[in-house]
Amino acid sequence: SKPAKAVKDVVENAAEKVADLLTPDVPGSPGSAPATLEEPTTPHDPLPPKKEQGTPETVTPTGATTGVPAPAKAQQGPYLTTAQGARLRDTDHSLKAGPRGPILMQDHHFREKIMHFDHERIPERVVHARGAGAHGVFEGYGTAEGMTRAGFLKKGKKTDVFVRFSTVLGSRGSADTARDTRGFATKFYTDEGTFDLVGNNIPVFFIQDGIKFPDVIHAGKPHPDREIPQAQSAHDTFWDFVSLHTEAQHHTMWNMSDRGIPRSYRTMEGFGVHTFRLVNAAGETVLAKFHWKPKLGVHSLTWEESQMLAGMDPDYHRRDLYDAIEAGAYPEWELGIQVFPDTPDETFEGIDLLDPTKIVPEELAPVQPIGKMTLNRTPTNFFAEVEQVAFHLGHLPPGIDVTNDPLFQARLFSYLDTQITRLGGPNFSQIPINRPHAAVNDMFRDGLHQHAVHAGVAPYRPNSLDGGNPFVAGDEENAFVDVPVKVAEASKVRANPVSFDDHYSQARLFWQSMSPVEKEHIIRAYTFELGKCYEQAIKERQLQCLANIDPLLCQEVATGLGLPAPEPTVPLADVVPSPALSQVGKEWPADGRIVGIVVDDDTDLDDVRALRMVVFTAGMVPLLIAPHGGMLGDMPVQRTFATGRSIEFDALLLAAAPAPAPDAMPARDAKAGANGPAADNSAAVDPRVTLLIDECWRHAKAIGAWGAGVTALKQAGVTGTPGVVSGDSGENVFSDVRQLMASHRVWERFPASVA
Ligand code: HDE
4 SKPAKAVKDV VENAAEKVAD LLTPDVPGSP GSAPATLEEP TTPHDPLPPK KEQGTPETVT
64 PTGATTGVPA PAKAQQGPYL TTAQGARLRD TDHSLKAGPR GPILMQDHHF REKIMHFDHE
124 RIPERVVHAR GAGAHGVFEG YGTAEGMTRA GFLKKGKKTD VFVRFSTVLG SRGSADTARD
184 TRGFATKFYT DEGTFDLVGN NIPVFFIQDG IKFPDVIHAG KPHPDREIPQ AQSAHDTFWD
244 FVSLHTEAQH HTMWNMSDRG IPRSYRTMEG FGVHTFRLVN AAGETVLAKF HWKPKLGVHS
304 LTWEESQMLA GMDPDYHRRD LYDAIEAGAY PEWELGIQVF PDTPDETFEG IDLLDPTKIV
364 PEELAPVQPI GKMTLNRTPT NFFAEVEQVA FHLGHLPPGI DVTNDPLFQA RLFSYLDTQI
424 TRLGGPNFSQ IPINRPHAAV NDMFRDGLHQ HAVHAGVAPY RPNSLDGGNP FVAGDEENAF
484 VDVPVKVAEA SKVRANPVSF DDHYSQARLF WQSMSPVEKE HIIRAYTFEL GKCYEQAIKE
544 RQLQCLANID PLLCQEVATG LGLPAPEPTV PLADVVPSPA LSQVGKEWPA DGRIVGIVVD
604 DDTDLDDVRA LRMVVFTAGM VPLLIAPHGG MLGDMPVQRT FATGRSIEFD ALLLAAAPAP
664 APDAMPARDA KAGANGPAAD NSAAVDPRVT LLIDECWRHA KAIGAWGAGV TALKQAGVTG
724 TPGVVSGDSG ENVFSDVRQL MASHRVWERF PASVA
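So the sequence shown is residues 4 to 758, counted in UniProt numbering.
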């Protein structure tokens with residue numbers, strides 16, 4: 004056993020280190036604090052045990068305490084113990100009858116350890132199983148004060164948040180970059196009760212009535228016989244459903260667009276989808292749709308990148324989120340609302356606000372910013388926080404209320420219900436990540452996993468035994484307002500309003516709003532997905548839907564499938580394109596982007612050192628890629644030609660043209676890309692570097708070179724093509740590359756075949 008002094012020293016040192024770790028680093032508006040950005044994957048010592056293993060929500064980052072008593076500590080003291088706290092001297096050997104066994108039934112430590120392990124897993128979410136989460140803070144701008152009484156939107160008010168991003172269809176272990184809708188669920192721990200904004204990165208949904216939800220999900224999930232394909236919509240049952248339930252065509256169009264393969268969670272928009280009702284202190288109401296606008300702009304992967312990532316780094320989005328936060332490049336979104344008058348017909352400019360398959364173009368109702376969210380803390384324990392977080396649309400603070408959107412109404416049932424199975428009973432709001440930061444006094448008692456020790460004898464109202472406690476609140480005490488909306492006098496029916504019958508006009512609006520390169524991507528996506536279907540009738544039915552959206556789109560996909568393009572069966576809607584829907588043609592900050600720098604032992608290190616500082620100062624993360632690992636002078640090599648692959652980098656800089664190493668892949672003759680000029684093979688460059696350039700070129704990333712690096716560009720045959728720059732120093736080249744990165748990609752490299 005260790006001498007007590009040594010143990011004490013270890014614990015105290017660890018506590019100090021943890022205190023350093025827990026002190027939030029300067030969040031820094033990127034660019035302002037270059038020193039806080041660092042390559043997050045540099046090998047470092049294992050983290051010491053946390054000083055305080057109380058749950059993170061006991062005291063929140065903004066200093067607020069939760070509304071419930073401090074929870075039991077998860078881990079205390081330096082010694083390994085049983086679950087009951089008895090110190091242990093051995094956990095590697097079971098208690099046996101002699102060294103050769105058998106194991107004794109009486110080994111209580113063995114039984115407890117294995118019993119607990121056997122039950123470590125809980126059911127994964129029936130949808131949105133794969134996700135990643137982070138903590139942060141929301142600050143209100145005060146601009147919504149006239150419209151809602153919700154306190155967290157008041158000017159300067161700071162509220163802790165926890166966000167979970169997710170894919171929809173895949174299992175918990177599936178790849179992040181599958182073509183899919185992304186969940187964007189935010190828990191605002193407001194002083195007035197938790198508000199869950201459970202949105203997606205796509206502003207519309209597949210179905211208009213929640214009763215179809217099991218059906219659309221059954222169609223999207225793997226086939227029941229073989230349980231394939233995983234995390235894919237490219238299969239018969241999905242296209243069978245969406246071509247039969249044509250209301251799904253608008254959402255499907257978004258999925259087939261670049262929105263289905265985001266570059267990062269940090270570059271996704273978020274949408275509350277449904278129309279909400281806001282109510283102010285005077286009881287006046289407006290209808291509103293919530294939007295999250297990412298500071299970094301909306302940006303996507305290319306299809307090839309997403310496929311490569313699914314194999315090479317299936318955790319890409321999760322890693323990107325956590326690396327960015329750890330590097331100090333805190334992701335930010337502005338929360339905005341589109342506001343509509345609360346008229347009895349609940350429409351705006353002819354658009355039914357209760358139809359969740361419809362958007363209101365931003366050009367008709369601008370998104371008004373009402374606050375900003377910054378994600379600044381990664382989870383301490385993934386299971387405890389990301390897996391156990393439970394969102395529910397009915398978690399609403401005073402000032403925000405529901406509408407009669409039939410999808411919204413169905414969700415109000417589903418989210419509470421699903422947690423009973425997933426989290427094992429009705430007390431999941433007592434799990435630390437789910438605890439409100441407002442005081443809770445709910446009269447709910449007992450049930451599985453009850454953690455509270457409720458005092459008092461009268462959990463009912465009114466009572467005379469507990470002093471009348473709890474009391475009900477009125478307007479003065481900021482009670483929740485169920486807006487007394489009139490309900491139409493009507494018969495019970497299973498039917499939709501007539502306005503829900505238009506299934507194509509907005510899919511057409513989306514298509515017509517895309518730039519040529521985005522249209523090209525959509526065509527390729529439909530052609531790929533339908534090409535993966537076996538049933539001819541399904542392909543034909545979906546082509547009919549495309550014909551009803553846009554004949555050109557239909558024709559292009561039909562050609563790819565080798566099928567005739569049908570004529571439209573509905574009149575084509577006359578739509579006014581919405582430029583806000585396109586991701587191309589705008590400029591954005593490139594904070595937290597990754598810049599790969601190819602160097603070798605002959606490279607001028609002073610130049611590279613200066614370049615790294617400039618990249619840091621620009622708020623980006625430079626990664627040195629060299630033929631071997633270890634150090635290059637005083638700088639760490641972060642990727643080698645064996646471990647670095649193009650998909651990780653947003654831009655590539657070359658300071659070297661390293662000769663082929665013995666372990667390199669065989670060289671190829673000429674540039675493989677269909678649109679690139681022929682390669683110059685006069686200088687032999689390591690083919691892995693050529694591949695790096697080739698892929699970055701194909702994926703329309705900015706590429707720059709100086710010195711020997713220019714030879715590598717020549718060898719790859721990309722010199723003189725759009726977005727490939729050279730200069731006389733790293734700094735010089737980076738200033739051009741930085742400009743190119745503002746547009747996210749060098750779009751000219753995609754020669755689109757459609758106008
Ligand atoms: Fe969900 N959805 N959903 N959904 N949803 C769930 O709740 C459901 C819908 C969304 O990170 C489940 O706790 C129904 C629209 C997100 O924990 C479940 C309907 C939108 C998440 C459920 C919808 C969403 C979920 C599964 C149709 C965007 C992940 C686990 C009426 C506005 C939340 C859980 C997280 C999760 C039901 C439609 C977003 C089964 C019945 C529309 C982001 O309750």
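Just so it is clear, CB atoms sit at the ideal spot from N, CA and C, and this is done for glycine as well.
Cβ-heavy atom distance, residue i to the ligand HDE, below 7 Å
| i | result |
| --- | --- |
| Ser502 | no |
| Tyr418 | yes |
| residue 3 | With the chain covering 4 to 758 only, the question about residue 3 has no answer from this structure. |
| Asn203 | yes |
| Gly186 | yes |
| Pro567 | no |
| Pro359 | yes |
| Val392 | yes |
| Ala413 | yes |
| Gly633 | no |
| Gln87 | no |
| Gln422 | yes |
| Gly134 | yes |
| Gly273 | no |
| His131 | yes |
Enclosing beta strand (DSSP E) for residue i [first to last residue]
| i | result |
| --- | --- |
| Glu195 | That residue, Glu195, is in no beta strand (DSSP E); it is neither H nor E in DSSP. |
| Trp295 | Thr288 to Pro297 |
| Ile597 | Ile597 to Val601 |
| Trp700 | No beta strand (DSSP E) contains Trp700, which is instead part of the alpha helix (DSSP H) from Pro690 to Arg701. |
| Val624 | Val624 to Ala629 |
| Pro344 | Glu335 to Pro344 |
| Ile436 | Segment: none, Ile436 is in no beta strand (DSSP E) and carries neither H nor E. |
For residue i, three-class secondary structure by DSSP
| i | result |
| --- | --- |
| Val740 | helix |
| Glu559 | helix |
| Trp750 | helix |
| Asn735 | helix |
| Lys542 | helix |
| Ala745 | helix |
| Asp163 | strand |
| Gly730 | strand |
| Val130 | coil |
| Val757 | coil |
| Glu651 | helix |
| Phe644 | coil |
| Gln586 | coil |
| Asn551 | helix |
| Gly154 | helix |
| Trp514 | helix |
Nearest-angstrom Cβ-Cβ length linking residue i and residue j, presumed shorter than 8 Å
| i | j | result |
| --- | --- | --- |
| Ala181 | Ala137 | About 21 Å; that fails the 8 Å criterion. |
| Leu299 | Trp591 | 6 Å |
| Lys404 | Arg229 | Residue identity differs from the one stated: residue 404 is Asp in this sequence, not Lys. Their Cβ separation, rounded to whole angstroms, is 45 Å, which puts Asp404 and Arg229 out of contact at 8 Å. |
| Gly173 | Phe187 | With a Cβ gap of about 16 Å, Gly173 and Phe187 do not count as contacting. |
| Ala251 | Ile220 | 12 Å between Cβ atoms; not a contact. |
| Thr270 | Val301 | 6 Å |
| Ser432 | Ser516 | Actually they are not in contact, since the Cβ atoms of Ser432 and Ser516 sit about 41 Å apart, beyond 8 Å. |
| Leu396 | Phe411 | 7 Å |
| Phe644 | Val692 | 7 Å |
Limits of the alpha helix (DSSP H) - the one that residue i falls within
| i | result |
| --- | --- |
| Val617 | Leu608 to Thr620 |
| Thr714 | Gly712 to Ala719 |
| Val520 | Pro519 to Gly534 |
| Gly314 | Trp306 to Met315 |
| Gly223 | Phe216 to Gly223 |
| Ile117 | His111 to Asp121 |
| Ala330 | Tyr319 to Ala330 |
| Phe279 | Run containing Phe279: none in the alpha helix (DSSP H); it sits in the beta strand (DSSP E), Phe279 to Val282. |
| Ala413 | Pro409 to Arg425 |
Which runs of the beta strand (DSSP E) at least 3 residues long sit entirely within the stretch 482–511? Give them in chain order. none
Any chance you could list the alpha helix (DSSP H) runs of at least 4 consecutive residues sitting entirely within the stretch 373–398, in chain order? none
What are the uninterrupted segments assigned as alpha helix (DSSP H) that are 4 or more residues long and contained completely in the stretch 222–269, given in chain order? 239–247 and 252–259
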